[in-house]
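Undergrad:
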Amino acid sequence: MTANQTANNKPMVRAAGLAKKFGDFSAVDGISFEVRPGETFGMLGPNGAGKTSTLRMMSGLSPVTSGELEIDGIDATTNPRSVRDVIGVVSQHDGLDPDISVRDNLTVYGFYFGLDRGMAGRRADEVLDFFGLRARGGDSVDDLSGGMRRRLTIARAFVSRPRLVILDEPTTGLDPSSRNRVWEQLAILKNSGVTVVMSTHYMEEASILCDRLIIMDEGHILASGTPDELIHEQAGAEVAQVRPEEGQRDSVQRQLKDSGYEISEIGAIFTVRGENGSRADLSGITGARVSYRAANLEDVFLSLTGKDLQDE
Amino acid sequence: MNESLAERRAPGRFDFRTRGVAGVWLRHYTAFKGGWMIEMTGILLEPVFILAAVAFGIGKLVGEVETDDDGIRYAVFVAPGIVVGNAMWHALFECSWGAFRRLQTNRIYDSILAAPVSMRELAMGEIGWGATRALMTTAAVLAFSAATGLVESPWAIGILVIGILTGLMFGGFGLIAAAIAPSTHMLTLVFTMVGTPLFFFSGTFFPITTLPAWVQPIAWALPLTHPVRIARAFATGDLYLSLLWSLLYIIVATAIFFPLATRLLRRRLLV
Numbered sequence: 021m022t023a024n025q026t027a028n029n030k031p032m033v034r035a036a037g038l039a040k041k042f043g044d045f046s047a048v049d050g051i052s053f054e055v056r057p058g059e060t061f062g063m064l065g066p067n068g069a070g071k072t073s074t075l076r077m078m079s080g081l082s083p084v085t086s087g088e089l090e091i092d093g094i095d096a097t098t099n100p101r102s103v104r105d106v107i108g109v110v111s112q113h114d115g116l117d118p119d120i121s122v123r124d125n126l127t128v129y130g131f132y133f134g135l136d137r138g139m140a141g142r143r144a145d146e147v148l149d150f151f152g153l154r155a156r157g158g159d160s161v162d163d164l165s166g167g168m169r170r171r172l173t174i175a176r177a178f179v180s181r182p183r184l185v186i187l188d189e190p191t192t193g194l195d196p197s198s199r200n201r202v203w204e205q206l207a208i209l210k211n212s213g214v215t216v217v218m219s220t221h222y223m224e225e226a227s228i229l230c231d232r233l234i235i236m237d238e239g240h241i242l243a244s245g246t247p248d249e250l251i252h253e254q255a256g257a258e259v260a261q262v263r264p265e266e267g268q269r270d271s272v273q274r275q276l277k278d279s280g281y282e283i284s285e286i287g288a289i290f291t292v293r294g295e296n297g298s299r300a301d302l303s304g305i306t307g308a309r310v311s312y313r314a315a316n317l318e319d320v321f322l323s324l325t326g327k328d329l330q331d332e
Numbered sequence: 018m019n020e021s022l023a024e025r026r027a028p029g030r031f032d033f034r035t036r037g038v039a040g041v042w043l044r045h046y047t048a049f050k051g052g053w054m055i056e057m058t059g060i061l062l063e064p065v066f067i068l069a070a071v072a073f074g075i076g077k078l079v080g081e082v083e084t085d086d087d088g089i090r091y092a093v094f095v096a097p098g099i100v101v102g103n104a105m106w107h108a109l110f111e112c113s114w115g116a117f118r119r120l121q122t123n124r125i126y127d128s129i130l131a132a133p134v135s136m137r138e139l140a141m142g143e144i145g146w147g148a149t150r151a152l153m154t155t156a157a158v159l160a161f162s163a164a165t166g167l168v169e170s171p172w173a174i175g176i177l178v179i180g181i182l183t184g185l186m187f188g189g190f191g192l193i194a195a196a197i198a199p200s201t202h203m204l205t206l207v208f209t210m211v212g213t214p215l216f217f218f219s220g221t222f223f224p225i226t227t228l229p230a231w232v233q234p235i236a237w238a239l240p241l242t243h244p245v246r247i248a249r250a251f252a253t254g255d256l257y258l259s260l261l262w263s264l265l266y267i268i269v270a271t272a273i274f275f276p277l278a279t280r281l282l283r284r285r286l287l288v
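Okay, structure coming up:
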């Protein structure tokens, strides 16, 4: 972590007007953001928001259609390979190699970065230790559980001592306990000073791990800030949950609309956000039970798009 | 660090790293090493069965084969064809079926390309490994042929080089198939529609001149015809100048297949 410390005031990632088109379809529609060295930066959004396309462009795996993209001072639009020298990538598909052992998955990955046999072996053992996989080193990748496979994929990204690690939905498809384990390890790595950019559609993941995040939908950035800022600005401290009594849905909806607050309906419950950070005053509503809970990023997303984050 | 700085100044077309190719080759070597006993058994046994059946069984019935100047024993005639034919099979299998598995089924290419390995280096590593496999089988079957008296000239050692060239040419061809195949079904077709006819009709088992006149030009255009021709010349020690045309054919075909495979992989993967 000592290399280039003088350059630490420069952003680790700088995107300006970054766009990705597939034919006529705009997957990423001219987004701009910066990631500072050492921070964990999140991209929160539903499937199809443009997160994966953005991360693939950052990883040099997808040509940039237009705009600027710099990683650690390197122009990623013209020199994607030099970018890949300094980053580690964890894609949604693990891309682990079933023909070689768990440990060889790491040493071979070291070879791709030009590590010699001795160095690659040492790095493999270090990251196996760190990710709690040392005992499985000789096993086949196919014998690992889903959580272990994912940890091995993350471990592989660290073999080359990257300055920036890019994770595309690191815990999608994992059971809750495996997910916790991955979060724990990402939190430790974050404290080691590496810069992390990750996408997720779990608001819990974003609020636990990310220092700052952008909320994306349909190729655009809708909002950005720290999780607290976003929640405070977009949803207030608390949101009201209004559960209509039997047969009262339409009446309650009318009353809420008249109240002038921002509302959205998920399932049989209306969520009502207050204004200017204060909670909505719903004392006059009849025919419904009103309760309050702390606002979260899900509410932020709902407020910004009118959509549920988990919508497929 | 110095290297990456140099590359920041000169990116693009000529950005080539040997270590990218070496990394991919080492991946294959690592996988091969894990099961080499089984792999080697396969490499050896299949061609040996064919050689034994064709050379000694059918050879007894056929007797001598007419070549340009004089006749040679059928077993001697057929051995170089089987050596080089197997080199083709191994390179083709490794670079089409094996490559497709890595590309599509296991998505290993995505991981390799997320490391600082270029598509050209990846393709070169794949084809290079295909040629390595071709060399292994060439050496094994050639040694068997020599031990059973089917090789007449010390020039036969040159067949090892032909094995490598055959591996490079068909490795490139196989990789093209892997890059455009939507599924493994199409690759099966490559074996039955390309591999099998080439194996039988490239002057491997009988001289091209025994084919009907109108088929002969087609046989001459087949890619396996040329390494078989050179290998046979090496095995008998009967070298002649027009073999250089066959060498040229192999070089040109390889020079077309390799960049085409790279381009098709790029189109499929770097979107």
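Chains as they are written, first to last, in my numbering: chain B, 21 to 332; chain H, 18 to 288.
Here a beta-carbon is modelled for each residue, glycine too, at the ideal position from N, C-alpha and C.
Bear in mind that the values here come from a model prediction, so they are computed numbers and not experimental data.
For Val33 of chain B, would you say it is in contact with chain H, using Cβ-to-Cβ distances shorter than 7 Å as the test?
TA: Closer than 7 Å: no.
Undergrad: Looking at chain B, is there any beta carbon in it that lies within less than 7 Å of the beta carbon of Leu130 of chain H?
TA: It does: the Cβ of Leu130 of chain H has a partner Cβ on chain B nearer than 7 Å.
Undergrad: Within its chain, find whatever has a CB closer than 6 Å to the CB of Gly98 of chain H; leave out the 5 residues flanking it on each side and keep chain order.
TA: Hits under 6 Å: Thr221 and Val245.
Undergrad: When the Cβ atoms of the region 156-164 of chain H are set against those of the region 99-106 of chain H, are three or more pairs found closer than 8 Å?
TA: Cβ pair count under 8 Å is three or more, so yes.
Undergrad: Could you check which residue in B:Phe151, B:Asn67 and B:Val106 has the C-alpha nearest to that of Gly134 of chain B?
TA: Cα-wise, what sits closest to Gly134 of chain B is B:Val106.
Undergrad: Which same chain residues end up closer than 7 Å to Met79 of chain H when comparing Cβ atoms and leaving out the 5 residues on each side of it in sequence?
TA: The sequence given here places Val at residue 79 of chain H; Met does not occur at that position. Closer than 7 Å at Cβ, skipping near neighbours: Tyr91.
Undergrad: Please report how far the alpha carbon of Leu22 of chain H lies from the alpha carbon of Arg36 of chain H, in whole angstroms.
TA: Residue placement at Leu22 of chain H is poorly supported in this model, since its pLDDT is 38, which falls under 50; the coordinates still yield a value, given next. Rounded to whole angstroms, Leu22 of chain H to Arg36 of chain H spans 17 Å at the Cα level.
Undergrad: Output, in chain order, the set of chain B residues within a Cβ distance shorter than 7 Å of Leu43 of chain H.
TA: Near Leu43 of chain H (Cβ distances below 7 Å), the residues of chain B are Val128 and Phe131.
Undergrad: Closest by CA to Asn29 of chain B, which one among B:Asp136, B:Asp92, B:Ala35 and B:Ser73?
TA: It is B:Asp92.
Undergrad: With Ile197 of chain H as the anchor, note down where its alpha helix (DSSP H) starts and where it stops.
TA: Note, Ile197 of chain H: alpha helix (DSSP H), Ile176 to Ile197.
Undergrad: List the residues of chain H whose Cβ lies closer than 7 Å to the Cβ of Ser79 of chain B, in chain order.
TA: Under the 7 Å cutoff, chain H gives Ala131.
Undergrad: Run through chain H and tell me which residues come within less than 8 Å of His113 of chain B, C-beta to C-beta.
TA: Within chain H, the residues near His113 of chain B are Arg124 and Asp127.
Undergrad: Alpha carbon to alpha carbon, what distance is there between Asp32 of chain H and Ala270 of chain H?
TA: Going from the Cα of Ala270 of chain H to the Cα of Asp32 of chain H covers about 24 Å.
Undergrad: In whole angstroms, what separates the C-alpha of Arg44 of chain H from that of Ile267 of chain H?
TA: So the alpha carbons of these two residues sit roughly 27 Å apart.
Undergrad: Determine, using beta carbons only, whether Ala255 of chain B and Asp319 of chain B come nearer to each other than 7 Å.
TA: Yes, these two residues count as a Cβ contact at 7 Å.
Undergrad: With DSSP as the reference, label Ala314 of chain B as helix, strand or coil.
TA: Ala314 of chain B falls in the strand class under three-state DSSP.
Undergrad: Cα-Cα, which of B:Val262, B:Gly267 and B:Ser271 is closest to Ile289 of chain B?
TA: Nearest of B:Val262, B:Gly267 and B:Ser271 to Ile289 of chain B, Cα basis: B:Val262.
Undergrad: Would you say Asn103 of chain H touches the ligand FAD, meaning its beta carbon is less than 6 Å from a heavy atom?
TA: Absence of the ligand FAD is noted for the structure shown, with no ligands found whatsoever.
Undergrad: Helix, strand or coil, according to DSSP, for Arg249 of chain H in the structure here?
TA: Three-state DSSP puts Arg249 of chain H in a helix.
Undergrad: What residues in the region 131-151 of chain H bring their beta carbon closer than 8 Å to a beta carbon of chain B?
TA: Going along the region 131-151 of chain H in chain order, one finds Ala131, Ala132, Pro133, Val134 and Ser135 with a Cβ nearer than 8 Å to chain B.
Undergrad: Where does Met21 of chain B fall in DSSP's three states?
TA: Bear in mind that a pLDDT of 43 at Met21 of chain B, under 50, signals an unreliable position, so the number given afterwards is only what the model happens to contain. DSSP places Met21 of chain B in coil when its eight states are reduced to three.
Undergrad: Can the beta-carbon of Ser244 of chain B be found closer than 7 Å to that of Ile234 of chain B?
TA: Their beta carbons are under 7 Å apart, which means Ser244 of chain B touches Ile234 of chain B by this criterion.
Undergrad: For a contact defined as C-beta to C-beta under 7 Å, what are the partners of Arg104 of chain B on chain H?
TA: Those within 7 Å of Arg104 of chain B in chain H are Ala131, Ala132 and Pro133.
Undergrad: Would you check if there are 3 or more beta carbon pairs closer than 8 Å linking the region 102-116 of chain B to the region 141-154 of chain B?
TA: Because the criterion of three Cβ pairs below 8 Å is not met, the region 102-116 of chain B and the region 141-154 of chain B do not touch.
Undergrad: Taking all protein chains shown into account, do 16 or more other C-beta atoms lie within 10 angstroms of the C-beta of Lys40 of chain B, making it buried, or fewer, making it exposed?
TA: It is buried - the Cβ of Lys40 of chain B has at least 16 other Cβ atoms within 10 Å.
Undergrad: Using a Cβ-Cβ cut-off of 7 Å, state whether Gly138 of chain B counts as contacting chain H.
TA: Output row for Gly138 of chain B: interface = no.
Undergrad: Note down the Cα distance separating Leu264 of chain H from Met236 of chain B, rounded to an integer number of angstroms.
TA: Those two C-alpha atoms are separated by around 57 Å.
Undergrad: Using a 10 Å radius around the Cβ and a threshold of 16 neighbouring Cβ atoms, would you call His202 of chain H buried or exposed?
TA: Label assigned to His202 of chain H: exposed.
Undergrad: So, using beta-carbon positions, are Asp248 of chain B and Glu59 of chain B closer together than 7 Å?
TA: No, the Cβ-Cβ distance between Asp248 of chain B and Glu59 of chain B is not below 7 Å.
Undergrad: Quick one: any contact between the region 141-149 of chain H and the region 177-186 of chain H, if contact means 3 or more CB pairs under 8 Å?
TA: Yes: the two stretches touch, three or more of their Cβ pairs being nearer than 8 Å.
Undergrad: So Ser82 of chain B contacts chain H; which residues on that side make the cut at Cβ distance below 9 Å?
TA: Those within 9 Å of Ser82 of chain B in chain H are Leu287 and Val288.
Undergrad: With DSSP collapsed to three states, give me the class of Gln268 of chain B.
TA: Reduced to three states, the DSSP call for Gln268 of chain B is coil.
Undergrad: Quick check: what's the CA-CA separation for Glu285 of chain B versus Arg199 of chain B?
TA: Spanning the two alpha carbons is a distance of roughly 29 Å.
Undergrad: Nearest to Leu204 of chain H by CA position, among H:Pro240, H:Trp53 and H:Phe190, is which residue?
TA: Of H:Pro240, H:Trp53 and H:Phe190, the residue nearest in Cα terms is H:Phe190.
Undergrad: Can you check whether the C-beta of Arg101 of chain B is within less than 7 Å of a C-beta belonging to chain H?
TA: Yes - at least one Cβ of chain H is within 7 Å of the one on Arg101 of chain B.
Undergrad: Closer than 7 Å by beta-carbon distance: list the chain B residues that pair up with Arg36 of chain H, in chain order.
TA: Simply Gly134.
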